[in-house]
Amino acid sequence: MLTIDTLCYQSKLRYVNAGEKFAFSILTLLACVVGRSATASCVVLLVTGILTVYKGGIPATRYLQYMAAPLSFLILGTLAIVLHISKTPLDLFAVPVGSFYLTGSRASMGYALQLVLTAFAAVSCLYFLSFSTPITDILNVLRRLHCPRLLLELMLLIYRYIFVLLEIASAIHISQCSRLGNRDYKTALKSFGALISALFIRAMKKSGALYDAMESRCYDGTIRVLDENYPPKAMEIFWIVLFEGLLFLFIFLRKLGTL
Amino acid sequence: MKKRRKQFLMLSTAFVLTFGVSVTANAMHIMEGALPASFCIAWGVVCLPFLWAGFGSIKRSLSANRRALPLLAMAGAFVFVISSLKIPSVTGSCSHMTGTGLGAILFGPTAVSVLGLIVLVFQAILLAHGGLTTLGANTFSMAIAGPLVSYGIYKLCGRGNVNRKAAVFLAASVGDLFTYCVTALQLAIAHHADASIPAAAGKFLLIFAPTQVPLAVIEGILTVLVITALETYAKPEMRAIGYLKEAR
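Those protein sequence lines, which keep their order, are chains A and B.
The opening position of the first sequence corresponds to residue 1 in this note's numbering, with each subsequent residue numbered one higher.
The opening position of the second sequence corresponds to residue 260 in this note's numbering, with each subsequent residue numbered one higher.
Below you can see the structure in the form of structure tokens.
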């Protein structure tokens, strides 16, 4: 149901130390967002792409399909940045509309392009993390980083229950469809409302049952889970440090150069 | 010539429809990497007091009743699931509810701020909606500003003896619209290449309006349907989360 979650369990990088993967993707992400450089973005895009598809064994078509997902947001966002309505035409293009011009400048086009590249690179970092590391491993890393325990327990339970609720929702949806519940727009709306309210009732019932089950297994306010630990490898750490070092050095030098 | 024109028209409609289709899925979330670092941090800091208050209120209700933990977790999973379900829409396109209005009405705005943060983390990692660096900005618009407005409107309408259904509709759809306005503003403050901030905000609003305004109306209608059904069928559960007690 959640494709990313299914794929990340099959990734060949699944059993690499989660802290390494987390550090790599977050640092690279920061480099993209702080650096805002087109060159660095292209390098990051390439490296994370190779890592996810070649090293991780995620199907390339799937990866490209997911990379295309934010395209529409980017296109609309870019349009909003590039397009201007003014009385004087700007340097890149100008389409007269009545007494005004629908126009754009070279500067804003360059800005938008750089934004698109940065965003793609950042998304590829996020995908590297989510296509290689299951949520439970990420929660373990967060616990090492001293994230509040209540928050982590909530996250753990929410993650478990997302799948239960999704399954219920899909079963209800199928039975609604088989009974012509989506015949026209009005019935579709009505069925959706019914689906959500049934889902809510089921969710509340399940949460009661969950509490009883935890209580009967000596729940005392904390949930303890077994932490599978895969020790980090020296070679991997070496490459990560090298890559991040070079990336940040490049960004630092570039900032100094432009200043 | 006429045929050409017809073809062009058809092509452009197809273009608009296909993009309209996938846009709605992501338009509310600011995507990963779309904000400069300083803005990411700034929005995160803005969120902190609200999250702190939410965290405190959750802790208080937990120390009063430990049964609240699975209930809250369920609420979070519920918000995630309704925001990942495809809602029926006129063009047959794929769009999603934000679910924050419903969450705020059912569970209160303080709990929704923390749950919203968690839901946004999962949406970023599992669905690739939004992102980790834009978490602060998204939390502010979707888990704090929207629910607060929804809840405020809902309570105000309750005081003013407005029809219950109208109150729920207003709360959900205006909360949705407010979220979208805040998102547009956030984008505009960060990216006003060579325009003033209000002009840039106007442009973002205008460009996202065709997808967001109908969505807000649909979200309002759906929330009314859900609340009516729940009031009919789920009285004990509603009492458990403290919804009916307040309403009486």
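Every residue gets a Cβ at the ideal spot worked out from N, C-alpha and C, and that includes glycine.
Values in this document were obtained by computation on a predicted structure and should not be read as measured data.
* To do: Over the uninterrupted beta strand (DSSP E) stretch that includes residue 96(A), give me the two end residues.
  => In the first sequence, residue 96(A) corresponds to position 96, counting from 1. Going by DSSP, residue 96(A) is part of the beta strand (DSSP E) stretching over 93-97.
* To do: Using only the heavy atoms of the ligand HEM, determine whether one of them is closer than 7 Å to the beta carbon of residue 168(A).
  => The ligand HEM is not part of this structure, which contains no ligands at all.
* Taking only runs that begin and end inside the segment 311-375 of chain B, name each unbroken alpha helix (DSSP H) of 4 or more residues, in chain order. => Whole alpha helix (DSSP H) segments, 4+ residues: 327-343, 359-366.
* To do: May I have the straight-line CA-CA distance separating residue 432(B) from residue 192(A), to the nearest angstrom?
  => Within the second sequence, numbered from 1, the residue matching residue 432(B) stands at position 173. Within the first sequence, numbered from 1, the residue matching residue 192(A) stands at position 192. Approximately 17 Å, taken between the alpha carbons.
* Status (buried if at least 16 other CB within 10 Å, exposed otherwise) for residue 369(B) -> Here the question's residue 369(B) lines up with position 110 in the second sequence. Result: buried.
* To do: Determine the closest residue to residue 233(A) out of 38(A), 17(A), 89(A), with distance taken between C-alpha atoms.
  => Locating residue 233(A) in the first sequence gives position 233, where the first residue counts as 1. 17(A) is the residue among 38(A), 17(A), 89(A) whose C-alpha sits nearest the C-alpha of residue 233(A).
* When you compare each of 213(A), 80(A), 205(A) to residue 102(A) by their alpha carbons, which one comes out closest? -> Counting from 1 along the first sequence, the entry for residue 102(A) is found at position 102. The residue with the shortest Cα to Cα distance from residue 102(A) is 80(A).
* Asked: Within this structure, are the beta carbons of residue 125(A) and residue 11(A) separated by less than 8 Å?
  -> Taking the first sequence and counting its residues from 1, the one referred to as residue 125(A) is at position 125. Taking the first sequence and counting its residues from 1, the one referred to as residue 11(A) is at position 11. Going by C-beta atoms, residue 125(A) is not nearer than 8 Å to residue 11(A).
* Asked: In chain order, what residues of the same chain have a beta carbon less than 6 Å from the beta carbon of residue 486(B), not counting five sequence neighbours either side?
  -> Here residue 486(B) refers to the residue found at position 227 when the second sequence is read from its first residue. So the list reads 427, once near-sequence residues are dropped.
* To do: Compare the C-beta of residue 339(B) with all C-beta atoms of chain A and state if any pair is closer than 8 Å.
  => For this step, residue 339(B) is matched to residue 80 along the second sequence. Interface residue, yes.
* To do: Have a look at residue 35(A) and residue 56(A) and give me their C-alpha separation to the nearest angstrom.
  => Start at 1 with the first residue of the first sequence, and residue 35(A) comes out as number 35. Start at 1 with the first residue of the first sequence, and residue 56(A) comes out as number 56. Taking the straight line joining both Cα atoms gives about 26 Å.
* So, using beta-carbon positions, are residue 446(B) and residue 77(A) closer together than 8 Å? -> As a position in the second sequence, residue 446(B) is number 187, starting the count at 1. As a position in the first sequence, residue 77(A) is number 77, starting the count at 1. Yes, these two residues count as a Cβ contact at 8 Å.
* Using a beta-carbon distance cut-off of less than 9 Å, what residues from the segment 23-34 of chain A approach chain B? -> Result list: 25, 26, 29, 30, 32, 33, 34.
* Use the C-beta contact count for residue 140(A): other C-beta atoms within 10 angstroms, 16 or more gives buried, fewer gives exposed. => In the first sequence, the residue the question calls residue 140(A) occupies position 140. Buried: at least 16 other Cβ atoms inside 10 Å.
* Closer than 7 Å at the beta carbon, the chain A residues around residue 480(B) -> Here residue 480(B) refers to the residue found at position 221 when the second sequence is read from its first residue. The answer, in chain order, is 189.
* Beta-carbon proximity list for residue 377(B), same chain, < 7 Å, skipping 5 on both sides -> Within the second sequence, the letter at position 118 stands for residue 377(B). Once the five neighbours on either side are set aside, the close Cβ partners of residue 377(B) are 335.
* Asked: Since residue 485(B) meets chain A, which of its residues come closer than 8 Å, beta carbon to beta carbon?
  -> Position 226 of the second sequence, counted from the first residue, corresponds to residue 485(B). Against chain A, the beta carbon of residue 485(B) has neighbours under 8 Å at 193, 196, 197, 200, listed in chain order.
* Asked: Can you list, in chain order, the stretches of the alpha helix (DSSP H) that have 4 or more residues and sit fully within the segment 48-119 of chain A?
  -> Qualifying alpha helix (DSSP H) stretches, in chain order: 60-68, 71-82.
* Could you check if residue 197(A) is buried or exposed, using at least 16 other CB atoms within 10 Å of its CB as the buried criterion? => Here residue 197(A) is taken as the residue at index 197 of the first sequence, counted from 1. Residue 197(A) comes out buried.
* Taking residue 13(A) as the reference, give the member of 172(A), 248(A), 215(A), 133(A) with the closest Cα. => Here residue 13(A) refers to the residue found at position 13 of the first sequence. It is 133(A) whose Cα lies nearest to the Cα of residue 13(A).
* To do: Give every residue of the same chain whose Cβ lies closer than 8 Å to the Cβ of residue 19(A), excluding the five residues on either side of it in the sequence, and list them in chain order.
  => Translated into positions along the first sequence, residue 19(A) becomes position 19. Excluding sequence positions up to five before and after residue 19(A), its CB lies within less than 8 Å of the CB of 141, 144, 232, all in the same chain and listed in chain order.
* To do: Check whether the Cβ of residue 226(B) lies closer than 8 Å to any Cβ atom in chain A.
  => Chain B is shown only over 260 to 507; residue 226(B) falls outside these bounds and no answer can be derived.
* With DSSP as the reference, label residue 419(B) as helix, strand or coil. => What you label residue 419(B) is simply residue 160 of the second sequence in a count that begins at 1. Here residue 419(B) carries a coil assignment [DSSP, helix/strand/coil].
* For residue 261(A), does the count of other Cβ atoms within 10 angstroms reach 16, so buried, or fall short, so exposed? -> Residue 261(A) falls outside the range modelled here, since chain A spans only 1 to 259, and no answer is possible.
* Asked: Using a C-beta cutoff of 8 Å, does residue 254(A) count as contacting chain B?
  -> Within the first sequence, the letter at position 254 stands for residue 254(A). Not a single CB atom of chain B sits nearer than 8 Å to the CB of residue 254(A).
* Look at the Cβ atom of residue 131(A), then the Cβ atom of residue 45(A), and state whether they are nearer than 8 Å. => Counting from 1 along the first sequence, the entry for residue 131(A) is found at position 131. Counting from 1 along the first sequence, the entry for residue 45(A) is found at position 45. For residue 131(A) and residue 45(A), no; Cβs fall outside 8 Å.
* Asked: What residues in the segment 112-130 of chain A bring their beta carbon closer than 8 Å to a beta carbon of chain B?
  -> Under the 8 Å Cβ criterion, the segment 112-130 of chain A contributes 112, 115, 118, 119, 120, 121, 122, 123, 125, 126, 127, 129, 130.
* Asked: Can you tell me whether DSSP reads residue 413(B) as helix, strand or coil?
  -> As a first step, residue 413(B) must be located in the second sequence, where it is residue number 154. Under the three-state reduction of DSSP output, residue 413(B) falls in the helix class.
* To which residues of the same chain is residue 100(A) closer than 8 Å at the C-beta, ignoring the five residues directly before and after it? -> As a working mapping, residue 100(A) is identified with position 100 in the first sequence. Excluding five sequence positions before and after residue 100(A), the CB atoms of its chain that fall closer than 8 Å to its own CB belong to 85, 86, 87, given in chain order.
* Asked: At a Cβ cut of 8 Å, what residues of the segment 390-422 of chain B count as close to chain A, listed as they run along the chain?
  -> Cβ proximity to chain A below 8 Å picks out 390, 391, 392 from the segment 390-422 of chain B.
* Can you name the residues of chain B whose CB is closer than 7 Å to the CB of residue 11(A)? -> On the first sequence, position 11 is the one that residue 11(A) refers to. By Cβ distance, chain B contributes nothing, its closest Cβ being about 14 Å from residue 11(A), past 7 Å.
* Asked: How about residue 123(A) and residue 67(A): are their beta carbons less than 8 Å apart?
  -> Along the first sequence, read from residue 1 onward, the residue named residue 123(A) stands at position 123. Along the first sequence, read from residue 1 onward, the residue named residue 67(A) stands at position 67. For residue 123(A) and residue 67(A), yes; Cβs fall inside 8 Å.
* So which residues on chain A does residue 368(B) lean against when the C-beta distance must stay under 8 Å? -> Within the second sequence, residue 368(B) is the residue found at index 109, counting from 1. Among the residues of chain A, none has a CB under 8 Å from the CB of residue 368(B); the nearest is roughly 17 Å distant.
* Beta carbon of residue 389(B), beta carbon of residue 409(B): below 8 Å? -> Position 130 of the second sequence, counted from the first residue, corresponds to residue 389(B). Position 150 of the second sequence, counted from the first residue, corresponds to residue 409(B). Taking 8 Å as the Cβ cut-off, residue 389(B) and residue 409(B) do not qualify as a contacting pair.
* **Among 292(B), 331(B), 296(B), nearest to residue 74(A) - alpha-carbon criterion** => The count along the first sequence starts at 1 and reaches residue 74(A) at position 74. Checked all of 292(B), 331(B), 296(B); the closest Cα to residue 74(A) is 292(B).
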